[in-house]
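Accompanying notes for the structure given below.
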Ligand code: COA
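Residue numbers (this note's numbering): 97 to 481.
This is how it looks when you write it as structure tokens:
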């Protein structure tokens, strides 16, 4: 296995992009990444996308995007693992380059979710839950995460205010990110008094419905000298794990096994400890998710994630800055693109280009991207070289 570096990143402004098609959105981000890397070709590409068939009626994305980008007939593969399709696209590109099959590979992610009604969005997203055990019985993702929130509150005393603190922090960070869908600040009162979606989660505890894409260029580390425009970022750890899709099959609703295992695998590959990590992008599809993920990654003891966010430990300047980009909550959550956008933020931080939201002295960053209610997780660790 050879070392792999990231030499280019690209992302568009996320939101309701009604004037652009799925292929426009993806191509815009991909061309930005290619331009940022300064490469004159790519050998292959991976495209993370969860539900383009249901959202816009389009499948067969590998060929479509390679052609529209002007890079056909390169091998192009669409990758799906629900909301961590982007993370899996990144890992697929990493394995491709590390194996020696290809030297320069694009890993992208895209989703266009706002062309259908809210009901159809909820239906399409719920295809990533267990149809027989959950969806046929009326469960949706806000409902499933509400169950996890209630279980966490009951077991550990996590409070309504602590959930809101996650949204307040992430909107604060997102207000410093020009690419975020909702770059506004919010308050505890606004979060707790917003319209109820699934008790105890209000609208402001939820990630939104978003159109967007992101892309990164991976390259064999020994070729980086040929494209040296930016500090090269090495991928030092990659972990992937699965769990049951259905919550009813799990021993404990307040912990995410796939996240813990993927993180341990990534740390082992990197030869690092959690205390070496300077910042982390996590999958805050709902505010409770960020609390449980930070515990399952091991940053905080089980049951202490709520106190950690409340006391400022996860703010920029705190013990471990979480979601400097604004997270899914403020930046948006075009499901197939989210995992790649996390890598985009990590590279931006490691290059020292994050402006007002820069983590001082950041050398090693982590990204955790999760499918459904934790049925799959990808964790990556990056280091500036
Ligand atoms: N955070 C903040 N503001 C939001 C928002 C969010 N998550 N979602 C919508 N808004 C805003 C809109 O901009 C709009 O504001 P405006 O009236 O000023 O224009 C207003 O709230 C209503 O928007 P609308 O699109 O009608 O909301 P909705 O009720 O159709 O959808 C949710 C809101 C929370 C139900 C929807 O975003 C959702 O389903 N989120 C979860 C997505 C999900 O499950 N992802 C997968 C995770 S595993």
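Ideal placement from N, C-alpha and C gives every residue a C-beta, glycine not left out. If you're wondering where the values come from, they're calculated on a predicted model, not measured in any experiment.
- Look at the stretch 390-447 and you find these whole runs of alpha helix (DSSP H), each 4 residues long or longer: 401-406, 423-427, 434-447.
- Note on geometry: alpha-carbon atoms of residue 171 and residue 197 lie some 12 Å from one another.
- Under the DSSP definition of a beta bridge, residue 298 partners with 292.
- Nearest Cα to residue 414 within the set 375, 390, 385, 447: 375.
- By the criterion of at least three beta-carbon pairs nearer than 8 Å, the stretch 215-225 is not in contact with the stretch 153-168.
- Bridge pairing for residue 480: 329 [DSSP].
- Looking at the backbone, the Cα of residue 304 and that of residue 264 are separated by about 15 Å.
- By the Cβ criterion, the stretch 102-114 is in contact with the stretch 130-138, since at least three pairs of Cβ atoms, one from each stretch, lie closer than 8 Å.
- The closest CA to that of residue 250, considering only 183, 301, 348, is found on 348.
- When secondary structure is reduced to three states using DSSP, residue 451 falls in the helix class.
- Per DSSP, the beta bridge partners of residue 336 are 474.
- Here residue 293 has 238, 299, 302 as same chain residues with Cβ atoms under 7 Å from its own Cβ, once five neighbours each way along the sequence are excluded.
- Three or more beta-carbon pairs separated by less than 8 Å are not found between the stretch 116-125 and the stretch 278-297, which leaves the two stretches without contact.
- When DSSP states are grouped into helix, strand and coil, residue 251 belongs to the helix group.
- Within the same chain, and ignoring the five residues on either side of residue 432 in sequence, the residues whose Cβ sits closer than 7 Å to its Cβ are 144, 145, 146, 181, 182, 205, 206, 207.
- Cβ-Cβ separation between residue 119 and residue 160: approximately 6 Å, consistent with a contact (criterion under 8 Å).
- Exclusion of the five residues before and after residue 342 leaves 226, 229, 230 as the residues of its chain whose Cβ lies within less than 6 Å of its Cβ.
- Between the stretch 310-328 and the stretch 432-452 there are three or more inter-stretch CB-CB distances shorter than 8 Å, so the stretches are counted as touching.
- As far as DSSP is concerned, residue 232 takes part in no beta bridge.
- In the structure shown, residue 177 falls within a strand segment according to DSSP collapsed to helix, strand and coil.
- Using a Cβ-Cβ distance cut-off of 8 Å, the stretch 350-360 and the stretch 460-472 are in contact, since at least three pairs of beta carbons, one from each stretch, lie closer than that value.
- Straight-line spacing of the CA atoms in residue 285 and residue 417 works out to 23 Å.
- The ligand COA has a heavy atom closer than 7 Å to the beta-carbon of residue 468.
- Of all alpha-carbon atoms in 430, 331, 402, the one lying nearest the alpha-carbon of residue 179 is that of 430.
- Relative to the Cα of residue 260, the nearest Cα in the group 297, 270, 232 belongs to 297.
- Contact between residue 316 and residue 175 does not hold, since the beta-carbon distance rounds to 21 Å and is not under 8 Å.
- When DSSP states are grouped into helix, strand and coil, residue 207 belongs to the strand group.
- Within the DSSP secondary-structure output, residue 201 pairs in a beta bridge with 140, 314.
- Of the heavy atoms belonging to the ligand COA, none sits nearer than 7 Å to the Cβ of residue 279.
- By the criterion of a C-beta distance shorter than 6 Å, residue 270 is surrounded in its chain by 276, 279, 422, 426, 427, once the five residues flanking it on both sides are discounted.
- By the beta-carbon neighbour count (other beta carbons within 10 angstroms, threshold 16), residue 318 is exposed.
- A distance criterion of 7 Å places the beta-carbon of residue 259 beyond contact range of the ligand COA, judged by its closest non-hydrogen atom.
- Out of 256, 329, 177, 288, the CA that lies nearest to the CA of residue 402 is found in 256.
- Per DSSP, reduced to three states, the secondary structure at residue 305 is coil, with no helix or strand assignment.
- Shown here, residue 264 sits in a helix according to DSSP, grouped into three states.
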